[in-house]
Every structure is written in structure tokens, then in C-alpha cells.
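There are 2 protein chains.
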Amino acid sequence: MSEIKDELLEALKARDGSAFLKLAEDAHYADLASLYQDLEEDEERNFIVGTLSPESFSDVLAELPDTLREEALERYQPSQQRELLSALSDDDRVDILQDLSDSTQKEMLDLLSADEEELTRTLLNYGEHTAAGRMTTNIGRLPLETTVKEALNTLRPLQDSAETLSRIFILDEQQRPIGFIRLRDLAFASWSTPVRDIMFPVQQTILATADQEEAATMVRKYDLLALPVIDESSRLLGAITYDDAMEILEEESTEDIEKLVGIAGEQSEQTYLNTHLFIHLRRRVGWLLVLGFLAIASGYVMMRFEEVLNSAFLLALFLPMVVATGGNTGGQASTMVIRAMALGEIETSDSLRVAWKELRLGVLQGLLLAITLAVITLLVLPAFRPQLPEGLALSSFSLAVSIALCVQVVTSTLIGALLPIFARAIKLDPAVIAAPAITTIVDVTGMVIYFTTARHVLGL
Amino acid sequence: MSEIKDELLEALKARDGSAFLKLAEDAHYADLASLYQDLEEDEERNFIVGTLSPESFSDVLAELPDTLREEALERYQPSQQRELLSALSDDDRVDILQDLSDSTQKEMLDLLSADEEELTRTLLNYGEHTAAGRMTTNIGRLPLETTVKEALNTLRPLQDSAETLSRIFILDEQQRPIGFIRLRDLAFASWSTPVRDIMFPVQQTILATADQEEAATMVRKYDLLALPVIDESSRLLGAITYDDAMEILEEESTEDIEKLVGIAGEQSEQTYLNTHLFIHLRRRVGWLLVLGFLAIASGYVMMRFEEVLNSAFLLALFLPMVVATGGNTGGQASTMVIRAMALGEIETSDSLRVAWKELRLGVLQGLLLAITLAVITLLVLPAFRPQLPEGLALSSFSLAVSIALCVQVVTSTLIGALLPIFARAIKLDPAVIAAPAITTIVDVTGMVIYFTTARHVLGL
């Protein structure tokens, strides 16, 4: 925990309002939000709300996880709520209103001024996961026919409210962003220069309705400070700034990671420890049930091969190894492919190239593992005096399990690599076919491969 | 593929230098780098290198994956290499030199001017994964006793070279960053204002030797444009900018995801399809071998319980399910905990709270799954006329497998949650104890739990 948080906590525990306020002035809103979130007593949260002005609490509120915002907002009187909402930047305000219950959202909208309300309603209509739903409209805009002096005069009133003045967009008569200038270009140019002479062309824009992840990926790829968001007529609506992009990418990475182990649903914005037990349960138990009952298929295969197993029970020694290695290699292959698809490196049309690569990789891995297993069974196993049926040589046994291992590794690697591509081709989220699902599938194929190979090679 | 890339490719295939150059002027360097990377013929890459000036290629070079940089650089003559290296920002130059072979790195250092060489050597010494190894030194710095007019004059010569002028740091006499101003504060203030009157305090700094991930996390958490990097005497060395932070976070997320499925080593900066087969093999086969041979322990347990299995072979039907469900829940728990640790939400000291949460979750999940299994075994199984040994009631069998499932889920959830915390406590990377390792471990414990429960409940 950071030093300032410790000091704030001390002032809070002592209920020392003036000390707390003094510390809060120097603290970053991210630290205040983290402090608020750690508190467990209602009365302590009331102390923070009662001590900070609605205006200073507005930044803290924007930083809080979704699930804590409504209760925090409701600790204020309506007149304070109005003050707080007006102090928010438009994208934060939309983000907060989005997650409120319908009745509270309506109450809050009624508190806003007519202008604020109209803008907020428009942005709310775009939906939470779109570029427009995450953009800010507080950006610098200039008409094409402007001089540096006029530009500085136009921008001066914005200097405190604009989220970024590092990129100022130049609009044509149809309000389309055709260029941008950096504030430094204005600051160091002579006052009579027309902005069109010093502007750079706008190369990247994104449609209002595009997915937020697409917008964030563009910001990262092209190292942008602000990505202009446009409507269908190419008119400038707002911009996605670098800090929003970073937040979006972080959320998406956590979601990707969770999906890979079969944790369902949207990532909770609360921290692990603050998330309610039932929310954890709801997100985790679904896949456990589905995969658990699919795994009965493996058991069914094993029962069908009862005779094979019983005629050489030593086969049990390497059964879990062969089956599990398939799960591991299939999980690796699917994760690599899913990540490559998420980063835009692989399309459905690349499936043959992926298959060819993974086939060669599978064969190499399979041979390597099989040879190691063969050496171990031949050299190490005799020391333990394994019980093999009359007339069965250890070398045949060794050959059988090694072949099974090799076949299992090759097929599992291919299944792991191709199923996510197949899922995308039929418009499913490829992450659904992640490691746990692949493991369950190749458990079944592994059992079949193992016992079939044993039956044929050993003649059981 | 983007439109501009298609057009560039067409000009390239036609070997039309002037058309290519014209298109390249409007193209973003990220698109040019992606085009270069897609090319498979040596002669095509030579065309790009021969057509673009060394200066315009410098941005493209910085965007290329590590493994392609040396061969690209070597397509130029030494005098062009010098031009290219000088055109690079200092952090990109260090990043590129870091990954060259020792002899090429020396050659390139010799090409630099004395000043550039000294700076580059200093930065190289910090190491690739430190804050200083990723920082830029091209930032605005002003002494404390400066007026707005003097500041603008000092910064004017930097306007083209500085990576960011959005944050300008104010230094005291010991070169410590005590404040910052935004360019907008200079642009709109009266010329006689002292900068100390309009500066904001610097609240976040990072040590040169700190890990790059820590720096990137701070940039994200505090929504910074530039995080000042300081030495042990708190002197300003440079800054980590938002775009570097975004790149670091993306690399670390991919590495985290790969570690979670047992893919070892540093993430390749090349795309999936461009990475050589042997690099894929080297990163993937290690854990396959280790986990594969650990899985023999599961087989050993199964062999030891040969009698139990043979006296009621129906047990085989639910064996994979009980074992695999433990792997799934353990994988989920460990992933949640590892991600929460990576995001700084959990410390080692929280282990009791984590254990308590996962214990309750494990019990809830275990009961839910066990009850479902009991219902299925009692209602569905009879239709398949299962073979049970003389004198053994289906209800006892159902009770035994359900108890085993519940115990396996509870222990696996706890093992999955606590092993990563334990790993961190003994200074291991928690991600090493990720899903595949947990699965292998709880496969063994699952076998023991299953057969022991069956033996006791069924009296076998």
C-alpha cells in the first residue's frame, strides 16, 4: 500500500476531517478510489463522502468499480449530486450513468442541465462497448480557415475543461476531421500562419458504432494520443484518448485470460477480494458443470476397454500421462492460436498454414516425447519388476505406449490449433474453445487412441 | 489488410519506386512495418530498403519485431546506417541496439556521434526490462526560476525532436523533478508569469532500475502522459511515455497468457506464423516433458488401487470426471489469483483471506456438483443397467462418487488458489504454478481421493 493511502487511512480512523482534506488535496484520485474501495464500514465511506467536496469526489467516483458507484452516489443530496455530475467529463459521466439502475439513471439525468442531458442521452444510446460509448467530446476543434492567433483565442476557454489539447482537430465545412495540429505547433508558430499550412493529415478514424476493442487496438498500433470518432457521414463526434484505450485493453486482456480457463461472463471491475462470493460462483460453476459431465464420456471409453486394461494392468501406469500430455499440448496450441487471432495475426483463411505448422510441430513434439518414454520404459521400468502377462515382452509394451503417446500428441496439437479457427469461422467466440474444453475433448480421444493402440500392438 | 497496405504491395510487386514512395509518404510506419514483415522474398525487402530514405525507414525499423531488425539494418551501407540511427529517438535506438549481435552492436555504436554514443551506452547498461531501459530522454525540462517567455524560448528548439511536450518537467537545483506544466499552461499564460506559479506538483516518479512492468502499471493507474524516471539521488533521467507503457502492458499480457498454459520463455515479438518452428518447439516442449512425466504419478496411484477398480469396474465411468473437474476448478482458482496478484490486488499477506474465500467457494461448488452427480447416478444410470458387484446398492455407489467429487473440488480449489501465493512467498514466479501444473497435481490427489473414498464407503 502506498504511503499516502496509509496516512489517509490514519486521518480517517481518527475522523480528522481537516487532516484528511489536506492529505486528499495531494493524493491522486486513483489512490482515493482504492482507499474507498478497501473500506468495509458504511460509516467510514460516509466520512469520505462528507469530507470531500462533490467536485473532488467526482474523479474518485469515475475510478470506482461499477458496482460501487450507485451506492456512493446515493450518499449525496440531490444538489450535491448535480454538482458532482457537472464536474465529470462527458465520457466519465456516461460511463457512470450506464451502470446505474434505470430509476437512479433517470433521476440523475433529470438533475443535469438541458445541454448536458441531451449530450448524455445521445452518448448513452451508443452502448457501453462501442467507440462512441467510450469517447470524450471535450476536444479541441478548429475550422479550416483559422490562423494561429484565432486558434489560440478559440482554445483558451477550453484550457481547463478539454481532456486533451495535445491533438486539435481541423474540420472542413461538413465537420469532417481532415487534419490535426499539436498544441506545440500553435505555441511556436507565428500568429498569422493559417492552421491549414501547419496541420498534419488525419490518417486514422473510427466509426462511432465500432467495438471499443477495435478503437483501443488502433490507438496502440498507431501510437495515437487521440483517435477521432466519426459518424456515418464522417463528421467528428469526439475522440478516444490514450488513457481510455489503455483501460479498455487491460479489461479485454483480463477477460481473455479468464475465458481461457473457463471463467464466464464479463470481468468484474471490482478486485478479487471485493467481489461477492456468489458472483465468483456464478462465473465459475457453469463451465465446471458442462465440462464435468462431458468428461463422463472418457469414463465410458475406459469402461468399454475394461478387458484390454485388465489383461495388462500395467497399462494404467501410463494412461494418465498419455491422456494429460494431449491436454497440455492441445491447451498450448489453442492458446497460441486464440491470442494470435485476438492480435489480428491470423484470419480464418490462414487455417491451412496454421494446420501445416502445428502438424509439423505436433510430429516433432510427439517423436521427442515418445522416444523419451520408450527409453524410460526400457531402461528404468525393469528395475521395478513390472507384471506383464505371460508371453508379452517389455519391448512390445514400450512400443505400444510410445506409439500411443506420439499419436495423441499429434492429434491433440491439431485439434487444439484448429478448433478455435473453426469456432470463429462459424461465428462463435474462439475463446470458448480454450484450454479446458480442448482438454476435455482430447481426454476422450486420448483414451480411444491409448486402448486401441494397446489392443492392436499387444494383440490383447 | 488495410487499403494502403494493398496499394503499397501493388506498387512493390510492380517495382514502381516512385509510386511506392508517394504512397509511403501517406502511410503510417506501423503499416509499412507490417508490410515489410509479411514479405517473404529477400529481393522485395531490398526494394523497400532501397526505395525509402534511411530516415523514413528508421520509424519502420523501430516497429519491426526484434528478430527482423538486424537483417534489415544490414541491408544499408554504413553511411546510411549512421543516418538511420541518428534519426531514431534515443529509446528506440537503445531498444534496437539491445537485440543486435554483439559484433553488430559494436559496429553501430562506432557509427554514432560521441554524444549519442555516450548516452546510448549509459541507457544500454540499465538493461532491457528496466524503467530506464525503456525511457526516452527527449523531454522538456526547465529550471525552477523561469518565466513563461523564457520557457517558450527554451522549448522552441525541441519542438521537432521532443517525444512529448505535453508534460514539461520543472527541476530544482539538484535536477530533481519537483513540478510539471502542460504545454497548454504555457500557451495561454501571460509571458511574465514564473513557471513555479503555474506548475503542478510531481506526485509519481519511478527509479531507473525498477521493472518496466511496474512503470507501465503506474502510467495506467494514474492516467499519466509521461512518468518521470529518476536515479537514486532523485535526479530526472527521462520519462516513460503513455505509448511505451501501452506496448509494455501488451507484451506482459501475452506473456502472462502464455505462461498460464505452460509456454515458456519470453514472448516472441514476431507474429505466430512468422515465428520459426524450432522457436515454437523450444518454448512448448519443456513443460510438456516435465508435466508428462509427473503424470506417471497418477498412473502409479491407479495401479496401486487395481483391486478397488476391479471389484467395481463401474467406478471407471466417473473416474475421469472427478479427476478432471478438480483440474478445471484448480485452474480457474489459480488463474484468478495469479491475475489478481499481477494487478496488485493481492499480497502474500492476504493468503488467509484468499483461502477463506476459496474454501467457501469450493464447498459451494463441490456441493452443487455432487448433488447434480447424485441425482444423475440415481435417476439416469439405472436405465443403462450398470453392473455392480453382488450386494452393492446403487445408492451406496452414488454416495461414494458424489462424496469423492465434492472432496476433490474443495481440495483442488484450495490448492489452485494457495500454490501461486506460496510460490510468490518463496520468490518464484507465481505463473509457473498455473493451470497445467495445478491440473497435474490435482490429478494425483484426485486419484487418491476417488479410490480411497470408494474403498471406505463401499467397503471394497
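Going down the list, the protein sequences come from chains A and B.
Under the working numbering, residues 16 to 475 are what the first sequence spells out, in order.
Under the working numbering, residues 16 to 475 are what the second sequence spells out, in order.
Built from N, CA and C at the ideal position, the CB exists for glycine as well.
query, result
"Min CB distance D258(B) to chain A below 8 Å", "yes"
"Limits of the unbroken alpha helix (DSSP H) element including R182(A)", "Counting along the chain, R182(A) falls outside any alpha helix (DSSP H), though it belongs to the beta strand (DSSP E) covering T179 to L186."
"Short CB-CB distance (under 8 Å) between M336(B) and chain A", "yes"
"Three or more C-beta pairs below 8 Å linking the region 339 to 356 of chain B and the region 419 to 431 of chain B", "yes"
"N-terminal and C-terminal residue of the beta strand (DSSP E) that F195(B) is part of", "P192 to R197"
"Proximity winner among G431(A), T387(A) and P404(A), relative to L414(A) (alpha-carbon distances)", "T387(A)"
"Selection of the region 105 to 119 of chain B by Cβ proximity to chain A, strictly under 8 Å", "none"
"Continuous beta strand (DSSP E) assignments of at least 3 residues falling wholly in the region 340 to 416 of chain B", "none"
"Chain B contacts made by the region 286 to 308 of chain A, where a contact means CB separation under 8 Å", "T286, Y287, L288, L292, H295, L296, R299, V300, W302, L303, L304, L306, G307 and F308"
"V109(A) and A166(A) closer than 8 Å at C-beta", "no"
"Within 8 Å, strictly: CB atoms of G272(A) and L275(B)", "Contrary to the premise, residue 272(A) reads as Ile rather than Gly in this sequence. Yes; because the gap between Cβ atoms is below 8 Å, this pair is in contact."
"L443(A) burial status per 10 Å Cβ neighbour count (16 or more: buried)", "exposed"
"Cβ neighbour criterion (16 or more within 10 Å) applied to M16(B)", "Annotation note: pLDDT 46 at M16(B) (below 50); position unreliable, coordinate value reported separately. The residue in question, M16(B), is exposed, as its Cβ has fewer than 16 Cβ neighbours within 10 Å."
"Same chain, Cβ closer than 6 Å to A469(A), neighbours up to 5 away in sequence not counted", "V323, L330 and A415"
"Backbone secondary structure at I453(B) - three-state DSSP", "helix"
"CB contact below 8 Å: L15(A) versus chain B", "In the structure displayed, chain A extends from 16 to 475; residue 15(A) sits before or after that span and is not available."
"Counted within 10 angstroms of its Cβ, other Cβ atoms place L334(B) as buried (16 or more) or exposed", "buried"
"Distance between A146(B) and I221(B) (C-alpha atoms, nearest Å)", "7 Å"
"Chain-order list of residues whose beta-carbon lies under 7 Å from that of L126(A) (same chain, five-residue window excluded)", "P93, Q96, R97 and L100"
"CB of D106(A) within 8 Å of CB of R149(A), strictly", "yes"
"Collapsed DSSP secondary structure at A241(B) in the structure displayed", "strand"
"Chain B contact residues for R477(A), given Cβ-Cβ distances below 7 Å", "This structure does not reach residue 477(A), given that chain A is present from 16 up to 475, and the question cannot be answered."
"Those runs of the beta strand (DSSP E) which lie wholly inside the region 126 to 166 of chain A and span at least 3 residues", "154 to 158"
"Expected contact under 8 Å - CB spacing of P192(A) and V217(A) to nearest Å", "5 Å"
"Own chain, CB closer than 7 Å to Y91(A), minus 5 neighbours either side, in chain order", "V64, P69 and L99"
"Distance between T256(A) and E18(A) (C-alpha atoms, nearest Å)", "30 Å"
"Cβ of S313(B) within 8 Å of any chain A Cβ", "yes"
"In DSSP terms, what F215(A) is bridged to", "F195(A)"
"Same chain, Cβ closer than 7 Å to A357(A), five either side skipped, listed in chain order", "D271"
"9 Å Cβ cut-off: residues of chain A touching L384(B)", "V300, L303, L304 and G307"
"Between the CA atoms of D114(A) and D14(A) - distance to the nearest angstrom", "Outside the displayed span of chain A (16 to 475) sits residue 14(A), for which this structure offers no information."
"For G461(A), three-class secondary structure by DSSP", "helix"
"Any C-beta of chain A under 8 Å from that of Q423(B)", "no"
"Within 8 Å, strictly: CB atoms of L407(A) and A327(A)", "yes"
"Presumed contact (8 Å Cβ cut-off) between L292(A) and R368(B), rounded CB distance", "Contact doesn't hold; Cβ gap of about 12 Å is too wide."
"Selection of the region 391 to 415 of chain A by Cβ proximity to chain B, strictly under 7 Å", "none"
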